[in-house]
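Chains as they are written, first to last, in our numbering: chain B, 353 to 837; chain P, 353 to 837.
Glycine included, each C-beta is placed from N, C-alpha and C at the ideal position.
Since the model is a prediction, treat every value here as computed from it, not as a measurement.
Here is the structure we will look at, set down as structure tokens.
2 protein chains.
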Amino acid sequence: MIATPSDPTVVTLIPGDGIGPECVGAARRIIEAAGVQIAWEECEAGAEVFRKGLPSGVPPETIESISRTRVALKGPLETPVGFGEKSANVTLRKLFETYANVRPVREMPGVTTPYSGRGIDLVMVRENVEDLYAGIEYLQTPGVAQALKLISEKGSEKIARFGFEYARSEGRTKVACATKANIMKLSEGTLKRVFERVAPEYPELESWHVIVDNCAHQLVKRPEQFDVIVTTNMNGDILSDLSSALIGGLGFAPSANVGNEVAIFEAVHGSAPKYAGKDVINPTAVILSSVLMLRYLGFFEQAAAIEHAVFVTLESGVLTGDVLGYDRGTPTTDYTNAIIGNLGKRTETWTIRDVRPLQLPKIDPRPDYVRPASRSVVGLDVFVESPLSASELGSSLMELTHDTKLSLKMISSRGTKVFPPTGAMTETGDHFRCRFIIKEEPGDLSDGDVHELLVRISTAHSWMHIEKLQEFDGELGFTRDQGED
Amino acid sequence: MIATPSDPTVVTLIPGDGIGPECVGAARRIIEAAGVQIAWEECEAGAEVFRKGLPSGVPPETIESISRTRVALKGPLETPVGFGEKSANVTLRKLFETYANVRPVREMPGVTTPYSGRGIDLVMVRENVEDLYAGIEYLQTPGVAQALKLISEKGSEKIARFGFEYARSEGRTKVACATKANIMKLSEGTLKRVFERVAPEYPELESWHVIVDNCAHQLVKRPEQFDVIVTTNMNGDILSDLSSALIGGLGFAPSANVGNEVAIFEAVHGSAPKYAGKDVINPTAVILSSVLMLRYLGFFEQAAAIEHAVFVTLESGVLTGDVLGYDRGTPTTDYTNAIIGNLGKRTETWTIRDVRPLQLPKIDPRPDYVRPASRSVVGLDVFVESPLSASELGSSLMELTHDTKLSLKMISSRGTKVFPPTGAMTETGDHFRCRFIIKEEPGDLSDGDVHELLVRISTAHSWMHIEKLQEFDGELGFTRDQGED
Numbered sequence: 353m354i355a356t357p358s359d360p361t362v363v364t365l366i367p368g369d370g371i372g373p374e375c376v377g378a379a380r381r382i383i384e385a386a387g388v389q390i391a392w393e394e395c396e397a398g399a400e401v402f403r404k405g406l407p408s409g410v411p412p413e414t415i416e417s418i419s420r421t422r423v424a425l426k427g428p429l430e431t432p433v434g435f436g437e438k439s440a441n442v443t444l445r446k447l448f449e450t451y452a453n454v455r456p457v458r459e460m461p462g463v464t465t466p467y468s469g470r471g472i473d474l475v476m477v478r479e480n481v482e483d484l485y486a487g488i489e490y491l492q493t494p495g496v497a498q499a500l501k502l503i504s505e506k507g508s509e510k511i512a513r514f515g516f517e518y519a520r521s522e523g524r525t526k527v528a529c530a531t532k533a534n535i536m537k538l539s540e541g542t543l544k545r546v547f548e549r550v551a552p553e554y555p556e557l558e559s560w561h562v563i564v565d566n567c568a569h570q571l572v573k574r575p576e577q578f579d580v581i582v583t584t585n586m587n588g589d590i591l592s593d594l595s596s597a598l599i600g601g602l603g604f605a606p607s608a609n610v611g612n613e614v615a616i617f618e619a620v621h622g623s624a625p626k627y628a629g630k631d632v633i634n635p636t637a638v639i640l641s642s643v644l645m646l647r648y649l650g651f652f653e654q655a656a657a658i659e660h661a662v663f664v665t666l667e668s669g670v671l672t673g674d675v676l677g678y679d680r681g682t683p684t685t686d687y688t689n690a691i692i693g694n695l696g697k698r699t700e701t702w703t704i705r706d707v708r709p710l711q712l713p714k715i716d717p718r719p720d721y722v723r724p725a726s727r728s729v730v731g732l733d734v735f736v737e738s739p740l741s742a743s744e745l746g747s748s749l750m751e752l753t754h755d756t757k758l759s760l761k762m763i764s765s766r767g768t769k770v771f772p773p774t775g776a777m778t779e780t781g782d783h784f785r786c787r788f789i790i791k792e793e794p795g796d797l798s799d800g801d802v803h804e805l806l807v808r809i810s811t812a813h814s815w816m817h818i819e820k821l822q823e824f825d826g827e828l829g830f831t832r833d834q835g836e837d
Numbered sequence: 353m354i355a356t357p358s359d360p361t362v363v364t365l366i367p368g369d370g371i372g373p374e375c376v377g378a379a380r381r382i383i384e385a386a387g388v389q390i391a392w393e394e395c396e397a398g399a400e401v402f403r404k405g406l407p408s409g410v411p412p413e414t415i416e417s418i419s420r421t422r423v424a425l426k427g428p429l430e431t432p433v434g435f436g437e438k439s440a441n442v443t444l445r446k447l448f449e450t451y452a453n454v455r456p457v458r459e460m461p462g463v464t465t466p467y468s469g470r471g472i473d474l475v476m477v478r479e480n481v482e483d484l485y486a487g488i489e490y491l492q493t494p495g496v497a498q499a500l501k502l503i504s505e506k507g508s509e510k511i512a513r514f515g516f517e518y519a520r521s522e523g524r525t526k527v528a529c530a531t532k533a534n535i536m537k538l539s540e541g542t543l544k545r546v547f548e549r550v551a552p553e554y555p556e557l558e559s560w561h562v563i564v565d566n567c568a569h570q571l572v573k574r575p576e577q578f579d580v581i582v583t584t585n586m587n588g589d590i591l592s593d594l595s596s597a598l599i600g601g602l603g604f605a606p607s608a609n610v611g612n613e614v615a616i617f618e619a620v621h622g623s624a625p626k627y628a629g630k631d632v633i634n635p636t637a638v639i640l641s642s643v644l645m646l647r648y649l650g651f652f653e654q655a656a657a658i659e660h661a662v663f664v665t666l667e668s669g670v671l672t673g674d675v676l677g678y679d680r681g682t683p684t685t686d687y688t689n690a691i692i693g694n695l696g697k698r699t700e701t702w703t704i705r706d707v708r709p710l711q712l713p714k715i716d717p718r719p720d721y722v723r724p725a726s727r728s729v730v731g732l733d734v735f736v737e738s739p740l741s742a743s744e745l746g747s748s749l750m751e752l753t754h755d756t757k758l759s760l761k762m763i764s765s766r767g768t769k770v771f772p773p774t775g776a777m778t779e780t781g782d783h784f785r786c787r788f789i790i791k792e793e794p795g796d797l798s799d800g801d802v803h804e805l806l807v808r809i810s811t812a813h814s815w816m817h818i819e820k821l822q823e824f825d826g827e828l829g830f831t832r833d834q835g836e837d
């Protein structure tokens with residue numbers, strides 16, 4: 353999308369809460385001073401909207417504006433305590449299917465950290481709409497809570513390809529994928545498998561997989577080894593906040609939420625209400641977010657000019673209170689003026705990347721994205737609440753179900769087998785997973801068989817959760833328990 | 353448990369794989385030189401056991417030994433590729449219900465890092481048997497994987513109290529609790545709530561909650577602010593590997609897995625086969641793990657003597673290849689001899705803590721640990737696989753179920769409402785969560801009502817997962833979706 357002066361680009365502008373209006377205002381002034389013609393549509397979201405009684409924190413007018421403009425620049429939004437159950441920031445990401453969260457992390461001139469001089473310059477590419485972040489939770493028993501971690505192969509392909517494409521667009525050379533596939537072979541494993549499957553399509557990029565805990569270790573020990581890191585949503589949440597601390601904190605952490613239709617650009621930091629309106633805050637994160645936005649919109653020259661001006665300003669020692677101390681920092685307005693004054697100057701010691709248009713991945717849109725040649729239902733996990741011991745429960749279930757098509761294979765407590773007895777010291781509570789397997793193999797359970805089993809169990813026990821055990825193309829679609837054969 | 357020379361303490365010793373025997377051998381020599389009488393029972397686990405065909409990697413003799421001795425010191429275990437589905441390390445932790453993983457992270461003399469001189473000295477206390485680490489996973493559709501994150505209130509109370517007790521035993525002053533309770537209010541929220549409930553019982557300890565991503569940020573930015581950090585299993589996995597990098601890596605990272613019956617002491621590092629048998633590795637992590645073990649066994653003086661000797665040795669510049677480079681490091685044997693030679697000397701510049709016996713938390717053993725006064729089943733989430741659009745599926749389900757006791761409230765895709773239509777751009781696949789709510793309120797669904805609904809749905813659609821929606825003491829036992837009223 354390349355705009356011309358006669359056809360100003362329309363962008364939704366959400367000033368946000370606390371220090372948001374000051375950050376967003378600084379970015380807007382700099383963009384305009386750089387000669388980019390943008391028609392801003394100013395919209396509301398956040399604290400005031402929650403207080404008016406809208407539980408999403410995002411009014412319909414704002415949704416309508418972004419649906420039309422397809423691009424938003426926003427300040428931080430606050431979810432006031434007692435209003436709303438979901439963060440308005442997350443709501444916006446999910447409503448517009450901005451599946452990629454992009455967080456560049458780069459050493460900045462004048463911002464001294466324990467890592468200064470090592471040239472940290474990496475980009476965290478985090479899946480943004482799936483995973484535990486969906487917040488799908490159930491109290492299974494009064495004392496056992498469950499959250500669902502859902503990871504799709506399609507979502508994984510989108511974020512994996514996005515990571516490679518992003519690396520290409522910035523002329524980067526390496527892409528790492530961080531997952532916990534060694535423990536969660538099916539869910540986290542999906543991203544690992546898909547990443548390794550698509551990697552050969554990007555032969556100029558070096559790629560590898562790293563276990564997420566080791567990735568955290570390596571980010572602290574030798575962060576300069578990383579270039580682009582692709583990861584799942586919850587892991588990415590932790591890794592990206594870790595990374596932004598390496599370069600001096602959230603005041604320098606821009607971000608983009610990019611989907612195939614809409615992109616939303618925002619700082620990572622919060623609304624910091626105690627600094628609001630005092631002309632003391634560091635607007636760099638939103639300014640650098642707007643640089644990402646300009647590149648997304650095709651204004652490559654102007655984006656580079658602003659990035660140069662920011663680096664020249666920092667090199668000259670003009671720094672805000674978060675870096676120098678709030679009694680000694682340059683006021684927000686003066687800092688912004690300095691950047692505007694430096695437009696046209698070029699940093700000699702810091703590299704500003706030559707960025708090419710980002711190719712968004714095109715993925716098969718069909719809902720049945722993975723199509724196995726064969727499949728069957730081979731059993732059922734029934735989650736039972738019971739005050740009994742595992743042995744008592746096991747005996748009872750075996751008696752109740754002995755003449756059905758299924759037999760009780762084992763009972764586990766939080767993933768460890770407790771029936772048949774193992775001799776281990778596993779503590780059990782009132783929450784048991786009871787695994788029933790079809791007696792005749794190969795076979796395929798019908799829903800009638802399932803209902804029959806549930807009716808039997810219901811005569812004596814209370815269940816709250818059921819999972820069908822499936823096979824796809826002869827491979828188990830479920831994991832075995834600790835201690836299960 | 354205080355042993356006397358006439359009654360040697362029996363400890364299970366698992367040398368483990370790769371560099372394991374060298375590390376464990378060094379620790380054993382030092383313990384013996386410090387005058388502690390231990391009768392070691394050497395047992396197998398790990399790579400060779402997997403290769404013999406035992407899928408757990410832990411033979412019955414080893415389990416029997418630990419069940420009897422109740423204490424083990426072990427080297428790293430390897431899970432050879434293609435053998436076993438579970439790590440033998442995790443198996444041991446789960447079999448013996450060692451619910452607390454303790455990982456001290458402390459600046460070491462002579463080990464230069466970007467944080468040197470800042471006095472990092474913290475302990476990560478990680479829940480060790482629950483959470484996503486159970487690896488309970490299902491392919492829900494051919495392209496959508498699910499992992500279950502299970503967190504119990506009892507498990508949370510155990511780890512929260514353990515954290516406070518551990519802080520007390522070491523004379524520490526602060527305990528932080530790191531969770532993602534803002535996104536996962538029921539599961540991660542359980543640990544936060546329990547932590548805040550038990551904190552007043554430890555009035556001499558300062559305590560606070562920190563969101564896990566901010567905790568990662570703070571650990572990089574200002575690690576010296578932390579003393580003890582209590583966290584859930586998966587988060588703790590990442591945070592503890594992050595932390596060990598702050599002080600120079602895994603060669604200095606001891607750990608203890610402590611339960612109310614058994615404790616297993618081990619280094620955090622892997623088996624590093626390429627360095628095995630070369631007399632070049634750093635055994636400090638296992639040595640410091642054995643210091644934790646000696647304190648657990650009541651040998652406080654000898655533990656302090658070894659810790660002093662390790663610090664004196666490092667202060668004198670005797671350092672292994674992982675720190676100095678493998679061409680210049682002190683051989684493992686010489687390093688061990690140096691520590692033995694320094695037994696009796698005391699470091700003047702580094703503080704060795706005066707540790708008191710750890711009081712393990714005593715928790716109500718009843719299985720129905722939380723007992724609500726009232727409860728009811730108010731609905732059902734049915735997870736459906738369908739190639740239809742959300743609107744088509746919604747219309748069909750409404751028609752199929754209109755004369756049951758339940759009505760379709762909404763359909764969501766990965767946690768975002770997609771029916772009734774919201775106008776948002778949410779992409780759907782073949783995996784839908786269909787939320788049915790009881791029509792007559794207040795009410796309580798019977799299993800008969802549930803079966804009736806499932807029979808109706810099964811006539812036209814395929815489901816793979818069901819969750820009952822419960823209320824406990826008038827509070828919803830489930831979360832609302834993004835976009836759900």
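Buried or exposed by the 16-neighbour rule on C-beta atoms within 10 Å, applied to residue i
| i | result |
| --- | --- |
| M816 of chain P | buried |
| T414 of chain P | buried |
| Q711 of chain P | exposed |
| R708 of chain P | exposed |
| E556 of chain P | exposed |
| P606 of chain B | buried |
Chain P within 7 Å of residue i, Cβ atoms only
| i | result |
| --- | --- |
| F788 of chain B | no |
| S747 of chain B | no |
| D593 of chain B | yes |
| A499 of chain B | yes |
| I818 of chain B | yes |
| S726 of chain B | no |
| M353 of chain B | Its pLDDT being 44, under 50, M353 of chain B is placed unreliably in this model, and the coordinates cannot settle the point. |
Residue i (DSSP reduced to helix, strand or coil)
| i | result |
| --- | --- |
| K769 of chain P | strand |
| E459 of chain B | coil |
| Y490 of chain B | strand |
| N453 of chain B | strand |
| E819 of chain P | strand |
Within 7 Å, strictly: CB atoms of residue i and residue j
| i | j | result |
| --- | --- | --- |
| E618 of chain P | S592 of chain P | no |
| V582 of chain B | V477 of chain B | yes |
| A637 of chain P | H660 of chain P | no |
| I658 of chain B | I382 of chain B | yes |
| P625 of chain B | G370 of chain B | yes |
| T584 of chain B | L543 of chain B | yes |
| E482 of chain B | L500 of chain B | no |
Residue i CB to nearest heavy atom of the ligand MN below 6 Å
| i | result |
| --- | --- |
| L474 of chain B | The model depicted lacks the ligand MN and carries no ligand whatsoever. |
Cβ of residue i within 7 Å of any chain B Cβ
| i | result |
| --- | --- |
| F476 of chain P | The residue you asked about is not Phe; residue 476 of chain P is Met in the sequence shown. So no, M476 of chain P is outside the interface. |
| M536 of chain P | yes |
| G781 of chain P | yes |
| R422 of chain P | no |
**Message:** Suppose only complete runs of 4+ residues qualify. What are the alpha helix (DSSP H) ranges in the segment 725 to 801 of chain P, listed by chain order?
**Reply:** The alpha helix (DSSP H) runs lying completely inside the segment 725 to 801 of chain P and spanning 4 residues or more are 742 to 753, given in chain order.
**Asked** Where are the beta strand (DSSP E) runs, 3 residues long or more, that stay fully inside the segment 510 to 534 of chain P, in chain order?
**Response** 526 to 531
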